[in-house]
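One structure is given below, encoded as structure tokens.
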Amino acid sequence: GENVEQHPSTLSVQEGDSAVIKCTYSDSASNYFPWYKQELGKGPQLIIDIRSNVGEKKDQRIAVTLNKTAKHFSLHITETQPEDSAVYFCAARGGRGSTLGRLYFGRGTQLTVWP
Amino acid sequence: GAGVSQSPSNKVTEKGKDVELRCDPISGHTALYWYRQSLGQGLEFLIYFQGNSAPDKSGLPSDRFSAERTGGSVSTLTIQRTQQEDSAVYLCASSLDQGGETQYFGPGTRLLVL
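These protein sequence lines are chains B and D, in that order.
To convert, count from 1 in the first sequence and add 2; that's my numbering.
To convert, count from 1 in the second sequence and add 28; that's my numbering.
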């Protein structure tokens, strides 16, 4: 099956700075890569996603890049704000056989934005 | 519109008791997933249902765990003879179908086994 690695596990930045979280995946057939934000006591919420036919996607202060050759994708948050503080998870959707449709998650990054 | 709902939001039980956790997916979503999240950990896949197909149970950690989905909608995750290591947040998600990429998560049930 798919294996997703996520780094760093914790990240602290000053308000206004940028934050970057990186993930790698193992299955070249994976074709969909969402990012989730989980605030304390809540379920994960989708914040942005990217498909394998696209190299970059932006939504206001959030962007995701995908390198299919290297099998890695990254989340970029610019002009960080204290309310961005949360745990962020990357995931890859299985692309073949019994893994089709399943999401494989990274272990999460605890982002703290200091005012 | 209504999102994924789960009940109860919190559950405290004694070791050895059985518990049932409920998930109401988004209306019209045919795929439903259960995950477990232990303190400070990522999401561990447990089981998933797709329409009327046999569920993918490959993530269930032991035969004390089971799940069913009645009428293609509501799902119940049952843990028999609970152990302290079962303490975790149990998350449910649904998507439009197996090919539907976006999974929408519920708020989770926080289970504490004493």
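Yeah, the Cβ is synthetic: ideal placement off N, Cα and C, and Gly gets one too.
Reference residue i, options the options, closest by Cα
| i | options | result |
| --- | --- | --- |
| A95(D) | L60(D), G31(D), I54(D) and P135(D) | L60(D) |
| G30(B) | R95(B), L42(B) and A65(B) | The question names Gly, but residue 30(B) is Ser in the sequence shown. Here the closest residue by C-alpha is R95(B). |
| Y38(B) | D51(B), T26(B) and Q62(B) | D51(B) |
| R97(D) | S90(D), N80(D) and E72(D) | N80(D) |
| Y118(D) | L67(D), G56(D) and A30(D) | L67(D) |
| V56(B) | V115(B), I49(B), V6(B) and T71(B) | T71(B) |
| R64(D) | E129(D), S55(D), L74(D) and D91(D) | L74(D) |
| T26(B) | G103(B), A93(B) and I79(B) | A93(B) |
| Q69(D) | N5(B), P36(B), F91(B) and V22(B) | F91(B) |
| V66(B) | S14(B), V15(B), V6(B) and V22(B) | V22(B) |
| W62(D) | T130(D), L71(D), D125(D) and E42(D) | L71(D) |
| D125(D) | F93(D), S86(D) and G100(D) | G100(D) |
| E42(D) | S55(D), S86(D), Q112(D) and A30(D) | Q112(D) |
| I54(D) | P135(D), E129(D) and A121(D) | A121(D) |
Where residue i falls, given that 16 or more other Cβ within 10 Å makes a residue buried
| i | result |
| --- | --- |
| D46(D) | exposed |
| Q8(B) | buried |
| G110(B) | buried |
| E85(B) | exposed |
| Q40(B) | buried |
| A82(D) | exposed |
| P117(B) | exposed |
| A116(D) | buried |
| L142(D) | exposed |
| R104(B) | buried |
| D114(D) | buried |
| G3(B) | exposed |
| D91(D) | exposed |
| Q62(B) | exposed |
Beta carbon of residue i nearer than 8 Å to that of residue j
| i | j | result |
| --- | --- | --- |
| P37(D) | D52(D) | According to the sequence provided, residue 37(D) is Ser. The question's Pro does not apply to it. No. |
| L49(D) | L105(D) | yes |
| S76(B) | K24(B) | yes |
| N69(B) | R53(B) | no |
| Q83(B) | S11(B) | no |
| V118(B) | E17(B) | The requested residue 118(B) is not part of the displayed model; chain B covers only 3 to 117. |
| R138(D) | G44(D) | no |
| S20(B) | K73(B) | no |
| S103(D) | F133(D) | no |
| V15(B) | G108(B) | no |
Strand pairing of residue i, partner residues [DSSP]
| i | result |
| --- | --- |
| T104(D) | R50(D) and E96(D) |
| S33(D) | D52(D) |
| L77(B) | I23(B) and V66(B) |
| L42(B) | For L42(B), which the question treats as bridged, DSSP gives no partner whatsoever. |
| H57(D) | The partner list for H57(D) (beta bridge, DSSP) is empty, contrary to what the question assumes. |
| Q8(B) | C25(B) |
Proximal chain E residues relative to residue i, where beta-carbon distance stays under 7 Å
| i | result |
| --- | --- |
| L105(B) | The structure shown contains no chain E; the protein chains it does contain are B and D. |
(message) Under 9 Å, CB to CB, which of the residues in the stretch 45 to 78 of chain B have a partner in chain D?
(response) G45, P46, Q47, L48, D51 and R53
(request) Check distances from the C-beta atoms of the stretch 81 to 93 of chain B to those of chain D and list, in chain order, the residues that come in under 7 Å. (result) F91
(message) Output needed in chain order: residues of the stretch 105 to 134 of chain D with a Cβ under 9 Å from some Cβ in chain B.
(response) V117, L119, C120, A121, S123, D125, Q126, G127, G128, E129, T130, Q131, Y132, F133 and G134
(request) For the stretch 59 to 82 of chain D, enumerate the residues whose C-beta is nearer than 9 Å to any C-beta of chain B, in chain order. (result) A59, Y61, Y63, Q65, G68, Q69, G70, L71, E72, F73, Y76 and Q78
(message) If the cut-off is 9 Å on Cβ atoms, which residues from the stretch 35 to 47 of chain D count as contacting chain B, listed in chain order?
(response) none
(message) At a CB distance below 8 Å, what residues from the stretch 9 to 41 of chain B approach chain D? Give them in sequence order.
(response) Y34, P36 and Y38
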